[in-house]
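Residue numbers (our numbering): 841 to 1200. Quick reminder that beta carbons are idealized off the backbone N, C-alpha and C, glycines included. Just so you know, these numbers come straight off a predicted model, no measurement behind them.
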Ligand SMILES: Cc1ncc(COP(=O)(O)O)c(C=O)c1O
């Protein structure tokens, strides 16, 4: 009989794995500060928890398609409920978009580095991820190089705005160059809620039916463990997403939490908390001669190459000296010494400040 491994699509094994092992460690070691994963350190309010528990009492029923909630999200963006598809976190959107647009051998274009879930899910469709290095020295998208990397096999393009892990916004003129290609374009706005003064790119969705926005409540809204995301797109793309997502992809509890958190408006306080800590971190890091990139999300990329330390050394020192999980970053354009940090609870964030002062 064949080896079980040989009975499985080969690209299940060859696709890059998106490894979530750090979460097992973090849950098992609650004494460690969780500053490595772009989580929100502020838990949901009592009103949100109440909405979840109330809905749990009806957990014997299958969910509907949450028209009222889609209408509320639509209003938020000035579009109709028909322009919104609900996802089990934006990771489900990442997976669905690969399966909607890519067939084996097709190319998916994005930057290097990027959020690593994207190449992983493209690989599981047996598609090729083409990654273009960020521009030096500002680590902005290298737009001419990305446009030059487009081929007749490119069937999907990704722009994360602001980008992860750099936190940098792309210029509107540059974004339009990608829209004009006529190739499906995902604008991932997972972190946009931290900067509400920058508008979601709804106008581009209205103008270009092949452009869609991916949003999540995992970040500024702080519902990462509840799982809620959505797509804003033309009705045809919304139909495609709804066909590709599983029926009943969202639990009743997740939808109740999303609606309640919109009603409480607590996101504003959460954003304020994040942005205040970011300002403190920038001050502390710059005082040590390190280079923090503009933190437009809930994570900050730091170029610590001037310290002569490697990313691995910095992350290990954070764990040893202050019991902090911070995120190591692979060399960017061959340069070592980057790491990334997300504000934690007040106590964890204080520990990070102490770490910066004592280690660097
Ligand atoms: C750019 C980006 N998109 C999507 C996600 C996935 O978020 P979720 O599946 O929790 O909505 C992340 C998570 O870190 C991210 O950084």
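In this structure, the CA atom of residue 1097 is about 18 Å from the CA atom of residue 1111. When Cβ pairs closer than 8 Å are counted between the two stretches, the segment 1154-1162 is seen not to touch the segment 1121-1128, the count staying below three. Selection around ligand 1 by beta-carbon proximity, strictly under 6 Å to any non-hydrogen atom, yields 878, 929, 930, 931, 955, 1000, 1004, 1028, 1030, 1056, 1058, 1064, 1069 in chain order.
In the displayed model, residue 1078 falls within a helix according to three-state DSSP.
With contacts defined by Cβ atoms closer than 8 Å, residue 1151 and residue 1130 do not form a contacting pair.
DSSP places residue 1026 inside the beta strand (DSSP E), whose first and last residues are 1025-1028. One thing to note: residue 949 has its Cβ within 8 Å of the Cβ of residue 990.
Between the beta-carbon of residue 964 and that of residue 1085 there is about 16 Å, and that puts the pair past the 8 Å contact cut.
When the Cα atoms are used, residue 1033 and residue 843 turn out to be separated by approximately 48 Å. Secondary structure note for residue 999: its beta strand (DSSP E) is the uninterrupted segment 994-1000. With fewer than 16 neighbouring CB atoms inside 10 Å of its own CB, residue 902 falls in the exposed class.
Residue 971 is bridged by DSSP to 950.
The closest CA to that of residue 1173, considering only 981, 966, 1139, is found on 981. Note on geometry: alpha-carbon atoms of residue 978 and residue 1183 lie some 23 Å from one another.
In the structure shown, residue 1093 adopts helical secondary structure according to DSSP, grouped into three states. Under the three-state reduction of DSSP output, residue 1055 falls in the strand class. Cβ-Cβ distances below 7 Å link residue 934 to 957, 958, 961 in the same chain, with the five nearest sequence neighbours on each side left out; the list follows chain order. Pairing residue 1030 with residue 1054 gives a Cβ-Cβ distance under 8 Å. Under the 8 Å Cβ criterion, the segment 996-1013 counts as touching the segment 1132-1147, having at least three qualifying pairs. Following the DSSP letters along the chain, one finds residue 1197 inside the alpha helix (DSSP H) bounded by residues 1186-1199. Counting along the chain, residue 1178 sits inside the beta strand (DSSP E) bounded by residues 1178-1181. Separation of the CB atoms of residue 997 and residue 1018 is rounded to 6 Å, and the pair is thereby assigned contact status at 8 Å. Within the same chain, and ignoring the five residues on either side of residue 1169 in sequence, the residues whose Cβ sits closer than 8 Å to its Cβ are 953, 1005, 1141, 1151, 1178, 1179, 1180. The Cβ atoms of residue 855 and residue 1104 do not sit closer than 8 Å to each other. At the C-beta level, residue 1164 and residue 1198 stay beyond 8 Å of one another. If you draw a 10 Å sphere on the C-beta of residue 1056, you find 16 or more other C-beta atoms in it, and that means buried.
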